[in-house]
Amino acid sequence: HLLSQAYRVAKPKEEKDEKERKEAKERFLVPRQELVKQAYKEFTDGQLSFHMKVIEDQDRLHREQTQLKEDHKFDTVGLTLFSTIMECVRRSQFKVADNLKKKFAMPDTLFWWAKLRALASVANFEEIERF
Amino acid sequence: MTATGSHLFGGRINLMLVRESARIELKDILGNPSQKKVIVWDDTLIGSVGLVAEVPFLLQLGVYKMIRLPAENITDMDGYRDVSEFIFLVRPQLSIIDDIIKAIARPAKSKSFVVVFVPRKSIHCIKKLEENRLKDGQTTPFSFSIKEFRLDMLPLDQDVISLDINSAFTDLYLDMDPTPLDQTVRSIGRLQALFGVIPRIYGKGRNAEIVANMMERTRQELMRGGESTAKDTIPQIDAVILLDRSVDLVAALSTQLTYEGLIDEFFGIRYNSAKFPRDQFSEDVQQVPKNAPPPITPLSVTLTSEENMYSNMRDSNFRSIGKILSKKAREISAAFEERHDAKTVQQLKQFVQKLPHMQQDKISLSRHTTIAELIKQRTDMPEFLEVIYAEQALREEDNSDGADSYIEQCMGKQEPIEKVLRLICLQSLANSGLKPKLLERYKMGIIQCYGTQHLISLHNLEKAGLIKVQESKSFAVVKRSLRLIVEKVDEFAPKDSAYVFSGYAPATVRLVEYLDRPNGWQQIEDILRLIPGPTIMREQKVHKGHERKKKPTPDQPQVVLVFFIGGCSYAEIAALRYLAGREEAVTDYIIGTTNIINGGTLMDSVLANTPHYERQN
């Protein structure tokens with residue numbers, strides 16, 4: 001019961017975090033960080049290890065996406081890991097995609113599906129051949 | 132919606148009485164029919180109230196016009212100046228109160244306003260009205276009163292009653308809100324007032340026990356008060372079986388394969404009707420006058436036992452529908468051919484008398500052929516077949532590792548999240564939980580493919596017990612001892628209730644079936660212990676001389692009320708009807724349920740898209 005209480009306190013904030021991320025990106029970067037920290041703390045208090053990991057990953061992914069935007073000039077902020085990888089493959093940034101896969105320990109099957117679908121969507125048949 | 136409600140008549144228990152009592156109550160609330168009144172609707176109530184009180188009936192009660200909320204300053208509207216009464220039919224929700232206040236922002240003097248809460252008043256709502264200077268019973272400067280219309284249960288068909296609580300599952304398993312239980316007790320109480328005390332109570336599951344206890348307490352209170360409304364009625368219902376939805380969630384999540392079940396899965400049946408794309412239907416079905424442009428709105432089709440053809444085919448497995456339809460087509464054309472044989476005037480007269488009926492059948496046939504085609508388009512798709520095979524494998528095999536790759540493939544293809552989660556839940560339920568590693572992998576996959584917001588979905592699923600870490604193998608044992616898996620089902624002439632899922636018999640229905648055997652549930656006590664939640668077997672004292680004397684026989688069957696707490700699906704209803712329809716059957720079933728569900732609606736209610744935090748307000 002205590003767990004669920006901790007969760008209840010933490011959850012709406014996390015939702016807000018999602019919304020704000022979509023709405024305002026960098027302008028709200030600071031409050032966003034605070035919210036993530038807060039959510040992380042709540043989950044730690046509630047000993048929800050899976051939730052903690054998800055928040056951690058989400059935070060890391062956000063950083064990667066912001067970095068991508070600066071380095072390669074395409075915006076993936078707010079997308080899921082799956083869609084981010086697809087976007088990288090579409091733009092032939094295969095190394096970046098491989099890196100993301102490794103960093104977030106994405107299962108092979110899911111990664112191949114993302115890659116395959118992305119390649120097919122831009123009709124990059126040479127790359128598909130190379131599989 | 133039917134004008135007569137004749138589809139409620141003809142079952143073993145006359146559910147018309149339920150409808151009648153609701154109509155009498157509404158009549159009382161609306162008062163003098165010679166006074167002109169306007170009904171202001173809460174949109175969500177039109178369907179449910181419409182099932183017991185159709186428009187012609189309302190007109191008889193003096194209803195002059197109907198409008199929907201939100202509406203502003205209704206007394207100023209043209210045409211309403213000579214109306215003396217405004218009746219608001221609303222659900223007890225705070226957001227609706229704002230609409231009411233807006234609607235009577237400038238109330239004209241000498242008008243009266245009545246707010247009718249369905250099915251129950253709420254203190255919150257009344258308080259909010261009072262804060263806005265709308266007090267129950269006030270007469271100046273205008274009269275205002277608050278009433279309640281206790282529409283606890285809706286008779287959907289001659290053997291089905293629904294409490295119409297769409298949030299029942301999330302209420303009970305996520306929010307721990309006991310409102311559906313309270314309403315269940317009240318409606319069973321109402322049935323007892325109409326049809327006599329129910330002598331035997333059976334039940335399985337935690338919520339079933341709570342309901343049974345509450346029933347006992349209300350009955351004791353009634354007895355102590357010296358008032359027993361059901362005293363003089365000979366019991367017409369012999370037993371009630373309370374089934375907690377958690378008894379069999381596998382059946383709740385599996386894709387239904389009956390005709391009615393598939394209509395519900397693909398098109399959604401609400402208040403006995405479903406909407407279909409209009410342009411697919413022939414003109415005589417659409418019933419639009421010729422030369423008039425067809426309306427753009429979808430075609431709404433009423434689906435009740437009043438339509439002879441539908442009641443014959445609704446519970447059949449979809450695979451046999453083609454055969455049933457072609458048989459019907461032959462029958463109808465043969466009937467039309469009879470006109471050539473009519474020689475004498477007498478014979479001709481007989482034929483003409485049958486004509487309207489035959490025309491009706493012809494329209495029915497055309498309508499259901501179209502609906503069946505629409506369904507077939509979907510069931511023929513490889514995606515649908517893959518899901519059905521996957522579900523079958525999950526239910527049948529004890530170690531369904533093959534499913535893992537299929538489920539991951541669905542994620543990779545970015546199929547709708549409902550579909551993926553439904554399969555994951557099914558796998559978890561059918562294996563009494565998932566191995567910790569696999570569960571983690573699925574959860575991470577969902578987050579990576581569908582986004583962090585589904586952390587909430589996963590949390591909800593775990594809370595509701597739909598996914599968990601494997602602890603025992605109890606489902607495998609229950610599956611074998613209750614014979615839930617039946618191989619080689621004959622979909623055309625079923626010999627087991629497992630036909631509704633082409634090879635899986637819902638455990639809920641099996642439990643009901645076992646009660647009919649000698650020794651009933653005592654015989655399977657060991658198995659019952661493996662299903663979570665307490666087992667209930669109790670008796671209620673019946674007025675002397677009203678006990679059942681003879682054993683039920685196929686000619687004089689007993690009547691059993693099967694009540695699903697947390698919802699049931701059309702496939703389960705079909706399976707129970709199948710049980711009652713067998714030749715050797717000694718029991719007829721009335722089905723009560725908090726609401727009608729299918730795997731899709733169940734998943735929707737638990738997903739993060741409709742966070743239950745919002746629904747609470």
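From first to last, the protein sequence lines are chains A and B.
All residue numbers in the first sequence are consecutive under our numbering, ending with 131.
All residue numbers in the second sequence are consecutive under our numbering, ending with 748.
Note that CB positions come from ideal geometry on N, CA and C, so glycine has one too.
**Q.** Enclosing alpha helix (DSSP H) for Ile-397 of chain B [first to last residue]
**A.** The count along the second sequence starts at 1 and reaches residue 397 of chain B at position 266. The sequence shown places Phe at residue 397 of chain B, rather than the Ile named in the question. First-last of the alpha helix (DSSP H) with Phe-397 of chain B: 390-397.
Q.
Please tell me whether, using a cut-off of 7 Å, the distance from the CB of His-585 of chain B to the nearest non-hydrogen atom of the ligand PLP is below it.
A. The ligand PLP is not among the ligands present in this structure, which contains no ligands whatsoever.
Q: In angstroms with no decimal places, state the Cα-to-Cα distance between Ala-465 of chain B and His-471 of chain B.
A: Sequence index remark: in the second sequence, residue 465 of chain B carries index 334 (1-based). Sequence index remark: in the second sequence, residue 471 of chain B carries index 340 (1-based). Cα-Cα distance, rounded: 11 Å.
Q | Close beta carbons around Val-96 of chain A, own chain, < 6 Å, minus the five adjacent residues each side | A | Counting from 1 along the first sequence, the entry for residue 96 of chain A is found at position 96. Hits under 6 Å: Cys-88.
**Q.** Contact with chain A by Ala-361 of chain B, beta-carbon distance below 8 Å
**A.** Your numbering for residue 361 of chain B matches position 230 in the second sequence. Unreliable placement is indicated for Ala-361 of chain B, whose pLDDT of 47 sits below 50; the coordinate value is still reported in the next sentence. Chain A, which has no Cβ nearer than 8 Å to the Cβ of Ala-361 of chain B, makes this no.
(Q) Out of B:Met-346, B:Leu-322, B:Arg-321, which one is the CA nearest neighbour of Ile-332 of chain B? (A) Reading the second sequence from its first residue, position 201 is the one you call residue 332 of chain B. The closest CA to that of Ile-332 of chain B, considering only B:Met-346, B:Leu-322, B:Arg-321, is found on B:Met-346.
Q. Under 8 Å Cβ-Cβ, which residues of chain A neighbour Lys-574 of chain B?
A. Within the second sequence, numbered from 1, the residue matching residue 574 of chain B stands at position 443. Chain A residues near Lys-574 of chain B: Phe-50.
Q) What in chain A is Cβ-close to Gly-596 of chain B, meaning under 8 Å? A) Locating residue 596 of chain B in the second sequence gives position 465, counting from the first residue. Ordered by position in chain A, no residue passes the 8 Å Cβ test against Gly-596 of chain B, which lies about 14 Å from the chain.
Q) Bridge partners of Val-291 of chain B, per DSSP? A) Mapped onto the second sequence, residue 291 of chain B falls at position 160. Answer is B:Asp-288, B:Ile-722.
Q) At which residue ranges does the stretch 212-244 of chain B contain complete alpha helix (DSSP H) runs of 4 or more residues, listed in the order of the chain? A) Given a length threshold of 4 residues, each whole run of the alpha helix (DSSP H) inside the stretch 212-244 of chain B is given here in chain order: 225-234.
(Q) Using the three-state DSSP reduction, which class does Asn-99 of chain A fall into: helix, strand or coil? (A) Counting from 1 along the first sequence, the entry for residue 99 of chain A is found at position 99. Of the three classes helix, strand and coil, the one that applies to Asn-99 of chain A here is helix, per DSSP.
Q.
For the structure I just gave you, are there three or more beta carbon pairs, one from the stretch 593-603 of chain B and one from the stretch 475-495 of chain B, closer than 8 Å?
A. No contact exists between the stretch 593-603 of chain B and the stretch 475-495 of chain B.
Q: For Glu-396 of chain B, count neighbouring Cβ atoms within 10 angstroms of its own Cβ and tell me buried if that reaches 16, exposed if not.
A: Working through the second sequence from its first residue, we reach residue 396 of chain B at position 265. Buried, since its Cβ has 16 or more Cβ neighbours within 10 Å.
Q: Taking all protein chains shown into account, decide if Pro-487 of chain B is buried (16 or more other Cβ within 10 angstroms of its Cβ) or exposed.
A: Numbered from its first residue, the second sequence carries residue 487 of chain B at position 356. By the neighbour-count rule (16 or more Cβ atoms within 10 Å), Pro-487 of chain B is not buried but exposed.
Q: Please state if the CB of Lys-233 of chain B and the CB of Pro-780 of chain B are separated by a distance shorter than 8 Å.
A: Absent from the structure is residue 780 of chain B, since the part of chain B shown begins at 132 and ends at 748.
Q) So, using beta-carbon positions, are Glu-203 of chain B and Val-245 of chain B closer together than 8 Å? A) Position 72 of the second sequence holds residue 203 of chain B. Position 114 of the second sequence holds residue 245 of chain B. At a Cβ-Cβ threshold of 8 Å, Glu-203 of chain B and Val-245 of chain B do not count as neighbours.
Q.
Taking the alpha-carbon of Leu-710 of chain B as reference, which of B:Val-691, B:Leu-225, B:Lys-240, B:Ile-728 has the nearest alpha-carbon?
A. The residue labelled residue 710 of chain B in the question sits at position 579 within the second sequence. Per the Cα distances, B:Val-691.
Q: List the residues of chain B whose Cβ lies closer than 8 Å to the Cβ of Ala-114 of chain A, in chain order.
A: Within the first sequence, the letter at position 114 stands for residue 114 of chain A. Within chain B, the residues near Ala-114 of chain A are Gly-543.
Q.
Could you tell me which whole alpha helix (DSSP H) segments of length 4 or greater appear in the stretch 496-536 of chain B?
A. Runs of the alpha helix (DSSP H) lying entirely within the stretch 496-536 of chain B, each at least 4 residues long, are 513-527 in chain order.
Q) Does Thr-109 of chain A get closer than 8 Å to chain B when you measure Cβ to Cβ? A) Counting from 1 along the first sequence, the entry for residue 109 of chain A is found at position 109. Chain B, which has a Cβ nearer than 8 Å to the Cβ of Thr-109 of chain A, makes this yes.
Q) Cβ of Phe-94 of chain A less than 8 Å from any chain B Cβ? A) Along the first sequence, read from residue 1 onward, the residue named residue 94 of chain A stands at position 94. False, the Cβ-Cβ gap to chain B never drops below 8 Å.
Q) How far does the beta strand (DSSP E) with Glu-670 of chain B in it reach, from first residue to last? A) To locate residue 670 of chain B, count along the second sequence from 1; it is residue 539. Start and end: 666-670.
Q: Could you work out which residues of chain A lie near Cys-580 of chain B, taking near to mean beta carbons separated by less than 7 Å?
A: Position 449 of the second sequence, counted from the start, is the residue given in the question as residue 580 of chain B. Near Cys-580 of chain B (Cβ distances below 7 Å), the residues of chain A are Thr-80, Phe-82, Leu-110.
Q. Distance, Cα to Cα, Phe-632 of chain B vs Tyr-701 of chain B?
A. Mapped onto the second sequence, residue 632 of chain B falls at position 501. Mapped onto the second sequence, residue 701 of chain B falls at position 570. Phe-632 of chain B and Tyr-701 of chain B: Cα-Cα distance of roughly 11 Å.
Q | Per-residue DSSP class, three states only, for Lys-619 of chain B | A | Start at 1 with the first residue of the second sequence, and residue 619 of chain B comes out as number 488. Coil.
Q: Give me whichever residues DSSP pairs with Met-120 of chain B in a beta bridge.
A: No answer is possible for residue 120 of chain B: it lies beyond the span of chain B, which begins at 132 and ends at 748.
Q | For Thr-76 of chain A and Val-608 of chain B, the rounded distance between their alpha carbons | A | Within the second sequence, residue 608 of chain B is the residue found at index 477, counting from 1. Within the first sequence, residue 76 of chain A is the residue found at index 76, counting from 1. Taking the straight line joining both Cα atoms gives about 49 Å.
(Q) For Tyr-7 of chain A and Ile-368 of chain B, I'd like the C-alpha separation in whole angstroms. (A) If you number the first sequence from 1, residue 7 of chain A lands on position 7. If you number the second sequence from 1, residue 368 of chain B lands on position 237. Below a pLDDT of 50, predicted positions are generally treated as unreliable, and Tyr-7 of chain A, at 45, falls in that range; no measurement from the model is reported.
Q: Keeping to the same chain, check which residues put their C-beta closer than 6 Å to that of Thr-666 of chain B; ignore five residues upstream and five downstream.
A: Here residue 666 of chain B corresponds to residue number 535 of the second sequence, with the count starting at 1. Closer than 6 Å at Cβ, skipping near neighbours: Lys-335, Leu-659.
Q: Mind listing the chain B neighbours of Phe-104 of chain A? Cutoff is C-beta to C-beta under 8 Å, in chain order.
A: Numbered from 1 along the first sequence, position 104 holds the residue referred to as residue 104 of chain A. Neighbours of Phe-104 of chain A on chain B, chain order: Gln-579.
**Q.** Rounded separation between Val-214 of chain B and Phe-275 of chain B - CA only
**A.** The residue given as residue 214 of chain B occupies position 83 in the second sequence. The residue given as residue 275 of chain B occupies position 144 in the second sequence. Cα-Cα distance, rounded: 15 Å.
Q) If we ignore side chains and look at the alpha-carbon of each, how far apart do Leu-285 of chain B and Met-147 of chain B end up? A) Translated into positions along the second sequence, residue 285 of chain B becomes position 154. Translated into positions along the second sequence, residue 147 of chain B becomes position 16. Distance from the CA atom of Leu-285 of chain B to the CA atom of Met-147 of chain B, rounded to whole angstroms, is 11 Å.
Q | Cutoff 6 Å; reference Pro-567 of chain B; Cβ partners in own chain excluding five residues on either side | A | As a working note, residue 567 of chain B is residue 436 in the second sequence. Excluding the 5 residues flanking it on each side, Pro-567 of chain B has same chain C-beta neighbours closer than 6 Å at Val-600, in chain order.
Q: Please report how far the alpha carbon of Gly-723 of chain B lies from the alpha carbon of Gly-697 of chain B, in whole angstroms.
A: Your numbering for residue 723 of chain B matches position 592 in the second sequence. Your numbering for residue 697 of chain B matches position 566 in the second sequence. CA-to-CA, the gap between Gly-723 of chain B and Gly-697 of chain B works out to about 11 Å.
Q) If you compare alpha carbons, which of B:Thr-428, B:Ser-404, B:Ser-495 is closest to Ala-460 of chain B? A) The residue given as residue 460 of chain B occupies position 329 in the second sequence. That would be B:Ser-495, whose Cα lies nearest to the Cα of Ala-460 of chain B.
Q. Closest by CA to Asn-99 of chain A, which one among A:Glu-126, A:Leu-116, A:Leu-68?
A. Within the first sequence, residue 99 of chain A is the residue found at index 99, counting from 1. With distances taken between CA atoms, Asn-99 of chain A lies nearest to A:Leu-68 out of A:Glu-126, A:Leu-116, A:Leu-68.
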